[in-house]
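As you go down the protein sequences, you meet chains A and B in turn. Under our numbering, read the first sequence as residues 1 to 531, first letter to last. Under our numbering, read the second sequence as residues 532 to 649, first letter to last. Each residue gets a CB set at the ideal place from its N, CA and C atoms; glycine is no exception.
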Amino acid sequence: MAPDSALRTGGWLGTSDHKRIAIMTMVTALILFFGMGALALTMRAQLAQPDLHIVSSHVYDQLFTIHGSGMIYLVMTPFAMAFGMYLVPLQVGAPAIAAPRLAMLGFWLYLVGAVAILTGFTVVGGAASSGWTAYVPLSDSLYTPGHGEALWIFGTFCAATGTILMAGTILWTAVFKRGPTMTMLRLPIFTWSMIATVLMVLGAFPSLLAALTMLVIGRMDPSVFTHNIWNVGYQHLFWFYGHPVVYVMFFPFVGAVAEVLSTFAGRPFAGYKPTVLSLLGFAALSMSVWGHHMFTTGQASDGYYQLTSTLLTVPAGIEYFGMLATLIGARLRFEVPMLFALGFIPQFLIGGLTGIMVATPALDYHFQDSYFVVAHFHYTLIGGSLFGFFAGFYFWFPKVTGVMLRDGLGRLHFWLMVVGTNVTFGPMFASGILGMPRRVSTYYGVPGLATLNLISTIGAGILGLSMVAFAINVIASLSFRRESGPDPWRGHTLEWATSSPPPPLNFTPEWPFVKVTSFTPLLDRRLAALE
Amino acid sequence: MSRLSGPDVVALWGGANGVLVAILLGYGESAFATALYASSAALIELIALSTWWVQRRHSAWAASSPGPRRSRPAALAGVVVALAGCAGVWDWWLALPALFPAGALVGELATEVRRARS
């Protein structure tokens with residue numbers, strides 16, 4: 001059977017083509033992204049003014065639990081894996097991903113996990129309601145009876161296992177399946193960011209599986225969690241996963257931003273080797289900072305976690321220097337992907353710097369569980385990860401579909417998102433400092449809080465509108481196609497040397513593998529042609 | 532540096548975590564937390580060791596792409612996991628329907644092994 005027809009016999013659901021597996025993961029995550037966003041808008045409506053009763057407190061608990069866990073386990077992490085599964089084989093010059101059926105099993109487990117978590121809304125007692133951290137005793141069978149929490153545990157277990165499988169196949173591809181002239185130090189920065197990401201997944205995600213197993217035992221016998229080792233042990237296991245996952249949701253998009261910046265600056269990324277080293281160092285350090293989420297337990301070595309958390313600024317700073325040095329003096333093209341990449345730079349800086357604040361014990365004792373923390377991590381995950389995601393999405397959409405997204409709608413999406421992000425989350429720093437606790441369905445009419453919350457709710461509405469513009473853009477662009485050609489942006493890396501969308505085995509005699517002499521092989525070829 | 536291999540990267544990354552574990556030990560963190568981090572670093576080193584071994588002994592196999600195959604076993608495994616999960620959440624008898632896709636999965640894999648041998 002010819003390879004092409006063999007790939008197609010399974011159609012989409014039985015495919016072993018990494019591109020199709022990645023697209024299915026991406027589409028599922030995008031649908032869930034809109035669903036989780038709708039939950040967030042409901043929560044913001046509830047908090048627009050003090051003492052509103054749009055939803056009950058119990059429903060509100062379910063909303064923030066499923067919004068938080070959904071965005072992390074079911075949206076941003078799968079976005080990251082989908083990017084990696086689609087692009088790493090192309091960028092390293094491989095015809096396929098390693099162990100494609102394991103990758104496909106990863107997708108099915110993710111889908112089963114998503115369905116299980118959302119099924120919670122249909123059972124008696126509702127969905128899980130103990131936050132994405134599922135701390136005990138909140139999550140045990142005494143305080144959260146019913147099947148919603150059990151479904152959440154099962155779903156999270158499946159989604160995390162699926163992510164581990166996907167990560168394994170990506171690492172194997174990058175390590176063993178590189179094209180003939182593709183050495184490790186000629187890998188594109190995006191691929192390096194994926195290597196760092198999957199190493200964190202393989203090192204940290206098993207810890208979540210262990211924590212979830214503890215929860216299952218605790219739900220069968222809640223008395224076990226009366227022992228300190230179980231309570232604090234659970235927190236250690238959870239946060240040993242819970243901090244690196246933030247970087248898992250962030251690193252691939254740093255890689256995407258790096259690719260976008262260098263492409264639209266028309267030059268190689270500045271400081272390739274220091275940036276690669278900083279990505280790996282950043283990832284290693286990120287494994288060591290989990291205890292800063294536990295300062296207020298009084299049972300973590302504050303000095304160590306503060307030290308390692310503060311050290312994160314060094315690799316982060318190197319990456320920022322690389323980005324800025326790439327831009328300085330270049331003839332920039334302000335296409336939509338570039339706008340999102342530029343938006344990433346200052347907004348993630350806000351998230352990162354406030355992260356150093358909350359990783360300082362003296363400040364963390366004050367900010368713990370306040371809206372300051374909510375503002376901080378939304379600046380990292382929206383201002384950073386999501387802007388980076390959209391930079392990559394607009395950049396690689398023509399490669400994946402062969403179709404250009406609409407420029408005007410893209411710009412509208414960008415500007416609404418910039419305004420929405422800052423109007424929503426900027427005031428939350430102030431409301432946190434004023435003492436607004438997170439995870440509450442209402443609040444007293446303390447002067448200032450009502451106004452700040454109203455502004456945040458208006459901002460959330462603008463953010464919602466930006467996503468409507470994005471959805472219209474995708475639907476309109478796919479319905480009224482404007483063909484992109486193989487390389488609409490004059491890209492630097494191997495995926496742009498093949499057709500859009502790429503053929504089943506990525507590189508064919510018609511689209512041959514390009515000889516690689518650096519991490520920007522297509523730019524090299526273009527420059528050589530000029531000489 | 533230019534001869535850096537994939538397994539080297541994994542091993543160096545695990546080693547960097549090992550250094551951070553040693554510093555954590557110096558700070559007198561609890562045995563549980565230290566053991567947790569040390570086991571994660573050890574897991575990464577184990578992965579590095581496996582990739583190094585594969586590179587030394589089976590590099591051609593690791594780099595090969597055996598050609599596209601249908602991934603129906605993955606879908607069947609997903610169905611088995613879903614039904615088994617329902618049994619865990621609600622009642623054991625919900626695991627019984629999982630026997631059908633589990634049987635089909637075993638059949639698919641057995642056929643594949645037979646084909647590979649012939």
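(message) Between residue 9 of chain A and chain B, is any beta-carbon pair separated by less than 8 Å?
(response) Per-residue confidence for residue 9 of chain A stands at a pLDDT of 45, beneath the threshold of 50, marking its modelled position as unreliable; the derived number appears in the next sentence. Closer than 8 Å: yes.
(request) List the endpoints of the continuous alpha helix (DSSP H) containing residue 273 of chain A. (result) 272-286
(request) Along the alpha helix (DSSP H) that carries residue 195 of chain A, what are the first and last residues, could you check? (result) 189-220
(request) Give the straight-line distance between the Cα atoms of residue 103 of chain A and residue 165 of chain A, rounded to the nearest whole angstrom. (result) 6 Å
(message) I'd like to know if the segment 102-117 of chain A and the segment 130-140 of chain A are in contact, where contact means that at least 3 CB-CB pairs between them fall below 8 Å.
(response) no
(message) Check whether chain B comes within 8 Å of residue 457 of chain A, counting only Cβ atoms and requiring the distance to be less than that.
(response) no
(request) Go ahead and label residue 4 of chain A buried or exposed: buried means 16 or more other beta carbons lie within 10 angstroms of its beta carbon, across all protein chains shown. (result) Reliability of the predicted coordinates at residue 4 of chain A is poor, the pLDDT of 48 falling under 50, and no value is obtained from them.
(request) Give, in chain order, every residue of the segment 547-565 of chain B whose Cβ lies closer than 9 Å to some Cβ of chain A. (result) 547, 548, 550, 551, 552, 554, 555, 557, 558, 559, 560, 561, 563, 564
(request) For residue 608 of chain B, return the contacting residues in chain A, with the cut-off set at a CB-CB distance below 8 Å. (result) 105, 108
(request) Check residue 370 of chain A in the structure and name its three-state DSSP category. (result) strand
(request) Scan the segment 64-96 of chain A for residues whose Cβ lies nearer than 9 Å to a Cβ of chain B and list them as they occur along the chain. (result) 94, 95, 96
(message) By the 8 Å beta-carbon criterion, what residues does the segment 581-594 of chain B contribute toward chain A?
(response) 582, 585, 586, 590, 593, 594
(message) Buried or exposed, going by whether 16 or more other CB atoms sit within 10 Å of the CB of residue 623 of chain B?
(response) exposed
(message) Output needed in chain order: residues of the segment 11-26 of chain A with a Cβ under 7 Å from some Cβ in chain B.
(response) 13, 14, 15, 16, 17
(message) Quick check: the Cα distance between residue 470 of chain A and residue 208 of chain A, rounded to an integer number of angstroms?
(response) 33 Å
(message) Among A/456, A/376, A/111, whose alpha-carbon lies nearest the alpha-carbon of residue 42 of chain A?
(response) A/456
(request) Evaluate the contact criterion for the segment 259-268 of chain A versus the segment 486-502 of chain A: three or more CB pairs, one atom per stretch, below 8 Å. (result) yes
(message) Give me, in chain order, the residues of the same chain whose beta-carbon lies closer than 7 Å to that of residue 12 of chain A; leave out the 5 immediate sequence neighbours on both sides.
(response) 20, 24
(message) According to DSSP, simplified to helix, strand and coil, what is residue 403 of chain A?
(response) strand
(message) Less than 6 Å between C-beta atoms, sequence neighbours within five positions excluded: which residues of the same chain meet that for residue 244 of chain A?
(response) 200, 204, 286, 287
(request) May I ask you to list the residues that DSSP assigns as paired with residue 437 of chain A? (result) A/370
(request) Compare the Cα-Cα distances from residue 308 of chain A to each of A/282, A/59, A/163 and report the closest residue. (result) A/282
(request) Check each candidate in A/119, A/34, A/97 and name the one with the smallest Cα separation from residue 62 of chain A. (result) A/119
(request) Compile a chain-ordered list of the residues in the segment 138-153 of chain A whose CB is closer than 9 Å to at least one CB of chain B. (result) 147, 150, 151, 153
(message) In this structure, how does DSSP classify residue 643 of chain B when only helix, strand and coil are distinguished?
(response) helix
(message) Count Cβ pairs between the segment 297-312 of chain A and the segment 271-278 of chain A that sit closer than 8 Å; are there 3 or more?
(response) no
(message) Which residue marks the beginning of the alpha helix (DSSP H) containing residue 315 of chain A, and which one marks its end?
(response) 313-327
(message) Can you tell me whether residue 117 of chain A is buried or exposed? The criterion is at least 16 other CB atoms within 10 Å of its CB, across all chains shown.
(response) buried
(message) Strictly under 8 Å for the Cβ-Cβ distance: is residue 242 of chain A near chain B by that measure?
(response) no
(request) Answer with buried or exposed for residue 140 of chain A, where buried requires no fewer than 16 other C-beta atoms within 10 angstroms of its C-beta. (result) buried
(request) Give a yes or no on contact between the segment 247-258 of chain A and the segment 69-85 of chain A, applying the rule of three or more CB pairs nearer than 8 Å. (result) yes
(message) Which complete beta strand (DSSP E) runs does the segment 546-633 of chain B hold, if anything under 3 residues is left out?
(response) none
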